[in-house]
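Q:
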Amino acid sequence: MRLKWRYKLVKEQDNQLIFACNNKHIHFFILEEDLCRVFMSTGDQPALTATWTVAPEAEDIPFEGRDRFDLSPFSLPAYQREIGNDQIIIETKLLKAVIRLDGFIISWYAKENGEDVLISNDRKTQSYNYNNKLGKGVYHYLERYKDDLYYGLGEKSGTLNKARKRYRMQAIDAMGYDAEFTDPLYKHIPFYITHNQKSQLSYGLFYDNYSDSVFDLGAELDNYHGLYRYYHAEKGDLDYYFILGPKVRDVVEKYSKLTGKTVFPPKWSLGYSGSTMAYTDAPDAQEQLKKFVDACSTYGIPCDSFQLSSGYTTIGEKRYVFHWNHGKVPDPQGMIQYFHDHGLRICANIKPCLLQDHPHYRELADRGMFIQAENNQDPDVVQYWDDEGSYLDFTNPETILWWKEKVKEQLLSYGIDSTWNDNNEYEIWDKSAQAFGFGNSIAVDYIKPIQTLLMLKSSFEAQKEYAPNLRPYLISRSGCPGMQRYVQTWSGDNFTEWKTLRFNIKMGLSLSLSGVYNVGHDVGGFNGLAPEPELLIRWIQNGIFHPRFTIHSWNEDDTVNAPWMYPEHLSIISKFMKERVKWIPYFYHLLYKANQEYKPILTPTFYYFENDPNTFAENDDFMVGENLLVCSVVEKGATKRRVYLPKEENGWYDLNSGQWLEGGQTIEADAPLDVIPLFSRAGSAFPIRDGEITFNNKHEDQRGILIYPIPGEGETTHKFYEDDGLSVNYKNGEFSYVTVKVKTTSGLVDINVYIEGSFKVPYDFINVYLPRTEKRDVRINGEKTDSRYPFTVKDIESGVL
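Residue numbers (UniProt numbering): 1 to 801.
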């Protein structure tokens, strides 16, 4: 077999080497110093000529995708190659690939300190699926090292490290899933990171293939092949990107850049968003929705938006997208205006499948706007909610136009502010079902996740076209690489139990490590019985430190998860709902960095402390940005929390006590029910919404700065982003930075705060806060102060302090 598949180099041009054997070709691309690509078609021609997920540094791409072989976004660096009798060596300044021509077995090396360090090997006993000897579909087998750790794959259940597990990449509606074990879930993200503990080097593998697939990261064992792992896709071509770190954070940010920019939504998208299916399913939905607004006001709960579940679209017991049930909601515009009058936006649920008795079904079927059955004459019919229906085909330009028109006509013109793109997993099981394919009919199995992506793009464009100067905000449950260009997402319809809280944390971090940064979870649990008070409180404490903060439910006992559901605990819950508002300026700054610099918002502790091997141990902690460590309580009855503080030269501060702590140690933090353990790296600063926070003043924007100075001598500088939080004017330079410079000595904390930029900030002073334990003298903008808490910096009329 090996001699039969002996490749030879037949062409070399534009950083592409083409190898041939038995009329089969393999393309090897040198795209960057640290990025290579391997493409192997399973047929005479590529299964897809376009890519929708590879969009380097792009905000958006055409509906038809990008030419799969367009290399113009890449730098295409100089490289060296050496051809031998049995192998060819290709190397850049950072990466080296040794290709054994017999079987095309690749060994990858990182250039580290003048040495070539082996980091990955294809499996020597056949790594690719020649002549379908391994079965149907696409296969890629690699060797597995015992000390490898695997991260990513998007939204997956279980531990953060995926070693010795098998996962399916297939988007389905997994309502009430077990966050520790259920697989598959809602998203299709065929990317993972390998971290080798021995070499301390990391790399990523991204498979640009959209068919259902399997990732086996060591669950399978076969004595004939040694330790291995594999990727298997049912259809399509083998098209993978090898991304060298050398650190985990390098891999993540390079991969994020490869798949496109994180969208920068309005600031209000970071506020608490209320939701429940119970209100819109009720026969008096409009009254129930009004009561939610009134309850927020009555209980003083700051809330920025509400997610309108699909019950507003019902006819009888079934749901029909773009239809208003005027029995439940007799005055949609009036209802929406009531929310607006109280400072809340509305995100309306929409679905990409029409039931067979939908008022528009026959019209769209006659126009060929659904996914088609094999004969291409009739719509493919699937099970959907309470009936059968057909999925819209977003590779048909007519469908895109119809969808955009309906979003504008039936939602935006009513005053709806945002689209909640839901139930969009495209569960189509007929292998012969066809998509229009922009004029080139294709089996939908090749592009199910792309249908979801194009739905998101259609909704996104509708909102942009309707209000060109406003930043769109969209939500989606399903998606694939590139979804971050359009939407915020969440981990789907979780189940109410303690372990969901724990494993949702890991699920969100897996998404962050997979380039999807703007994430959250249904706080309190979506499905099951109502959360007990302790669980609800702990879930809220965790939820307020995620970019998306939503309490959402469809409880089996007909209860509704809401901040006021347990009056005896309202004071604690209200405290943390307001705490969320306090941190929004920091989250907004991090969201801007995600958009501009491809930096994740939430990360596991090893992300910024990779030199500390203890941070790779499974834990329930996470970083918000580079400097804030959040240690959620995830165990029932716990009032203490063991916390490992990563090794940090200047140590850490306990935000609750102000105490300075040395890094590299495990502590036991106090965690009564009204406390969440939070820690800051020494030398950090955080912008906050200062002052009293109420339902009525939630949109006021007083500013404070929390400063945690280096305990000894040192200097730090922090720049925090500010703009109007709503428009696209920032693209024209209308933004500013609050700059905080801190210089410390043994006896003095010298702070300078000033504003740079063209945007006039909405506050006329800044309060500066230091830890209660700080004993040194403090100087603010050159003036020594005797007062303690807070220090106030005034006079910013000119835009410069």
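Just so you know, even glycine gets a beta-carbon here, dropped at the ideal spot from N, CA and C.
Please read all numbers here as calculations on a predicted model, not as lab measurements.
Mapping the DSSP letters down to three states, classify S514 as helix, strand or coil.
A: The residue given as residue 514 occupies position 514 in the sequence shown. DSSP places S514 in coil when its eight states are reduced to three.
Q: Compute the Euclidean distance between the alpha carbons of R2 and K318, then round it to the nearest angstrom.
A: Taking the sequence shown and counting its residues from 1, the one referred to as residue 2 is at position 2. Taking the sequence shown and counting its residues from 1, the one referred to as residue 318 is at position 318. Low confidence applies here, because R2 scores a pLDDT of 45, under 50, leaving its location unreliable; read the following figure in that light. Near 58 Å, if we compare the C-alpha coordinates of K318 and R2.
Q: Tell me the residue span of the beta strand (DSSP E) that contains P687.
A: The sequence position of residue 687 within the sequence shown is 687, counting from 1. Start and end: S684 to R689.
Q: Can you give the Cα-Cα distance for H589 and S684, rounded to whole angstroms?
A: The residue you call residue 589 lines up with position 589 of the sequence shown. The residue you call residue 684 lines up with position 684 of the sequence shown. One C-alpha to the other measures close to 14 Å.
Q: With distance defined between alpha-carbon atoms, name the residue in P481, G714 and K146 nearest to E649.
A: Counting from 1 along the sequence shown, the entry for residue 649 is found at position 649. When each option's Cα is compared against that of E649, the closest is G714.
Q: When the Cα atoms are used, what is the spatial distance from D216 to P190?
A: Counting from 1 along the sequence shown, the entry for residue 216 is found at position 216. Counting from 1 along the sequence shown, the entry for residue 190 is found at position 190. Using only the alpha carbons, I get a separation of about 12 Å.
Q: Please confirm if the segment 300 to 310 is in contact with the segment 408 to 422, defined as three or more CB-CB distances below 8 Å between the two stretches.
A: Yes, the segment 300 to 310 touches the segment 408 to 422.
Q: How far does the alpha helix (DSSP H) with F549 in it extend, from its first residue to its last?
A: The residue labelled residue 549 in the question sits at position 549 within the sequence shown. Premise fails: F549 lies in the beta strand (DSSP E), R548 to I551, not in any alpha helix (DSSP H).
Q: Within the continuous alpha helix (DSSP H) that includes D341, where are the two ends?
A: The residue labelled residue 341 in the question sits at position 341 within the sequence shown. Element bounds for D341: P332 to D341.
Q: Mapping DSSP to helix, strand and coil, what is F622?
A: Taking the first residue of the sequence shown as position 1, residue 622 is located at position 622. F622: strand per DSSP, three-state reduction.
Q: Just reading off the alpha helix (DSSP H) that C296 is part of, what are its end residues?
A: Taking the first residue of the sequence shown as 1, we reach residue 296 at position 296. Start and end: A285 to Y299.
Q: According to DSSP, what are the bridge partners of P379?
A: For the purposes of this step, residue 379 is taken as the residue at position 379 of the sequence shown. Its beta-bridge partners are Q372.
Q: How is the beta strand (DSSP E) around F587 delimited, first residue to last?
A: Here residue 587 refers to the residue found at position 587 when the sequence shown is read from its first residue. Taken as a continuous stretch (DSSP letters only), F587 belongs to no beta strand (DSSP E), being part of the alpha helix (DSSP H) at L570 to E597.
Q: With a CB to CB cut of under 7 Å and the five nearest residues on each side skipped, what residues in its chain are close to E783?
A: Within the sequence shown, residue 783 is the residue found at index 783, counting from 1. Here the set comprises nothing.
Q: Identify the continuous alpha helix (DSSP H) that holds F460 and give its terminal residues.
A: In the sequence shown, counting from the first residue as 1, residue 460 sits at position 460. Run containing F460: K448 to Y466, per the alpha helix (DSSP H) assignment.
Q: Is V10 buried or exposed, if buried means 16 or more other CB atoms sit within 10 Å of its CB?
A: The residue given as residue 10 occupies position 10 in the sequence shown. So V10 counts as exposed.
Q: What residues in its chain sit with their C-beta under 6 Å from that of Y128, if we drop five residues either side in the sequence?
A: As a first step, residue 128 must be located in the sequence shown, where it is residue number 128. The answer is none, since no qualifying residue turns up.
Q: Strictly by DSSP, which residues pair up with L35?
A: Position 35 of the sequence shown, counted from the start, is the residue given in the question as residue 35. BP columns for L35 point to E32 and I243.
Q: When the Cα of A174 is compared with those of R776, H340 and W385, which residue comes out closest?
A: For this step, residue 174 is matched to residue 174 along the sequence shown. Minimum Cα distance to A174 is reached at W385.
Q: Between F791 and D674, what straight-line distance do the alpha-carbon atoms span, to the nearest angstrom?
A: In the sequence shown, the residue the question calls residue 791 occupies position 791. In the sequence shown, the residue the question calls residue 674 occupies position 674. Their Cα atoms are separated by approximately 27 Å.
Q: Going by Cα to Cα distance, which pick from T639, G152 and S736 is closest to G757?
A: One-based indexing of the sequence shown puts residue 757 at position 757. Here the closest residue by C-alpha is S736.
Q: Select from Q451, P604 and K404 the residue whose C-alpha is nearest the C-alpha of F503.
A: For this step, residue 503 is matched to residue 503 along the sequence shown. For F503, the nearest C-alpha among the options comes from P604.
Q: Where E556 and S680 are concerned, what is the direct C-alpha to C-alpha distance, given to the nearest angstrom?
A: Indexing the sequence shown from 1 puts residue 556 at position 556. Indexing the sequence shown from 1 puts residue 680 at position 680. So the alpha carbons of these two residues sit roughly 40 Å apart.
Q: Can you tell me the Cα-Cα spacing of D116 and T489, whole angstroms?
A: Against the sequence shown, residue 116 aligns to sequence position 116. Against the sequence shown, residue 489 aligns to sequence position 489. When rounded, the distance between both Cα atoms is 40 Å.
Q: According to DSSP, is E783 part of a helix, a strand, or is it coil?
A: For the purposes of this step, residue 783 is taken as residue 783 along the sequence shown, with counting starting at 1. Three-state result, E783: strand.
Q: Whole angstroms is fine: what's the gap from I90's alpha carbon to L35's?
A: Taking the sequence shown and counting its residues from 1, one reaches residue 90 at position 90. Taking the sequence shown and counting its residues from 1, one reaches residue 35 at position 35. Answer to the nearest angstrom: the Cα atoms are 12 Å apart.
Q: Name the two residues that bound the continuous alpha helix (DSSP H) containing S256.
A: In the sequence shown, residue 256 corresponds to position 256, counting from 1. From DSSP, the alpha helix (DSSP H) with S256 extends over V248 to T259.
Q: Sort out for me which residues DSSP pairs S390 with in a bridge.
A: Taking the sequence shown and counting its residues from 1, one reaches residue 390 at position 390. Per DSSP, L354.
Q: Ordered along the chain, which non-local residues of its own chain (more than five positions away) have a Cβ less than 6 Å from that of Q80?
A: As a working note, residue 80 is residue 80 in the sequence shown. Here the set comprises E91.
Q: DSSP three-state label for G747, please.
A: Position 747 of the sequence shown, counted from the first residue, corresponds to residue 747. It is coil, neither helix nor strand.
Q: Could you give the residue range of the alpha helix (DSSP H) that holds K408?
A: As a position in the sequence shown, residue 408 is number 408, starting the count at 1. P397 to Q410 is the extent of the alpha helix (DSSP H) around K408.
Q: Do L474 and Y486 have their C-beta atoms within less than 8 Å of each other?
A: Here residue 474 is taken as the residue at index 474 of the sequence shown, counted from 1. Here residue 486 is taken as the residue at index 486 of the sequence shown, counted from 1. Yes; because the gap between Cβ atoms is below 8 Å, this pair is in contact.
Q: Return the CA-CA distance between E579 and I551, expressed in angstroms with no decimal places.
A: Taking the first residue of the sequence shown as 1, we reach residue 579 at position 579. Taking the first residue of the sequence shown as 1, we reach residue 551 at position 551. Taking the straight line joining both Cα atoms gives about 15 Å.
Q: Out of P265, Y207, S202 and A285, point me to the one whose CA is closest to G245's CA.
A: Here the question's residue 245 lines up with position 245 in the sequence shown. Looking at the Cα atoms, S202 is the closest of the given residues.
Q: Under 6 Å Cβ to Cβ from residue 868, same chain only, skipping five residues before and after it: list those, please.
A: Beyond the ends of the chain as shown, which are 1 and 801, falls residue 868; an answer cannot be given.
Q: Taking all protein chains shown into account, do 16 or more other C-beta atoms lie within 10 angstroms of the C-beta of Q377, making it buried, or fewer, making it exposed?
A: Walking along the sequence shown from the start, residue 377 turns up at place 377. That one is exposed.
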